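Asks: Residue numbers for the sequence shown, in the working numbering: 1 to 150.
By construction, the Cβ of each residue, glycine as well, lies at the ideal position given by its N, Cα and C atoms.
These numbers come from a predicted model, not from an experiment.
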Amino acid sequence: MGLQLKIIDKGYKKFVSEIKNFDKNPKVKIGILEGNADRVDGKDNVDLMTKHEYGVGVPQRSVIRAGTDSNIDNIFNNTIVDQYDKIIIGHSNVIEMVNKTGAVVKTKFRERFSTKYLEPNAPFTIAKKGSDVPLVETGELKDTINYKVE
């Protein structure tokens, strides 16, 4: 009597297929996307965010870098790993994984606009803008942070 082998595929073939085509699957862009740069007040959101992100002429208030650095484990484990597990069992696909990752990162970036994370405004700035909330005057800069799956 010879050895008999029974293979039970619980999603491995589908997973391998998704991974082999990963370079053909969608990518996600996260941040201030094309078309969201112009502001009502005539300023440019990309320029404004860059100044604050790197502290060019203003106190450094990182949203993008700090939002990524402080959440990288959460982003990786709770979106990418979670979605891979779902892909393996056939309950998700790469498109859903990319969308979920974009949504989570967008939220993490927007959370960085909180006074919990940012150095308080100087008294001069508070007097000028009438608020002690850093980076938020109209909310426009925060609202332009989004994601797009391509």
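If you pair each beta-carbon of the segment 56 to 75 with each one of the segment 105 to 121, do three or more pairs fall below 8 Å?
Replies: Contact holds: three or more Cβ-Cβ distances are below 8 Å.
Asks: Only counting the same chain, and skipping five residues up and downstream in sequence, which positions put a Cβ closer than 8 Å to that of K142?
Replies: These residues qualify, in order along the chain: R110, F113, L135 and V136.
Asks: To which residues of the same chain is G57 closer than 8 Å at the C-beta, ignoring the five residues directly before and after it?
Replies: So the qualifying residues of the chain are K51.
Asks: Buried or exposed, going by whether 16 or more other CB atoms sit within 10 Å of the CB of Y54?
Replies: Looking at its Cβ environment, which holds fewer than 16 other Cβ atoms inside 10 Å, Y54 is exposed.
Asks: Can you give the Cα-Cα distance for V106 and V28, rounded to whole angstroms?
Replies: What sits at residue 106 in the sequence shown is Lys, not Val. Each residue's alpha carbon lies about 11 Å from the other.
Asks: Give me the Cα-Cα distance between P123 and T68, rounded to the nearest whole angstrom.
Replies: Each residue's alpha carbon lies about 29 Å from the other.
Asks: With a Cβ-Cβ cutoff of 8 Å, do I72 and G11 count as a contact?
Replies: Result no, Cβ atoms of I72 and G11 do not sit closer than 8 Å.
Asks: In this structure, does DSSP put V149 in helix, strand or coil?
Replies: Strand, per DSSP.
Asks: In the DSSP assignment, find the beta strand (DSSP E) that holds F29 and state where it starts and stops.
Replies: In the sequence as presented, Phe is not what sits at residue 29; that position holds Lys. Segment V28 to I32, the beta strand (DSSP E) holding K29.
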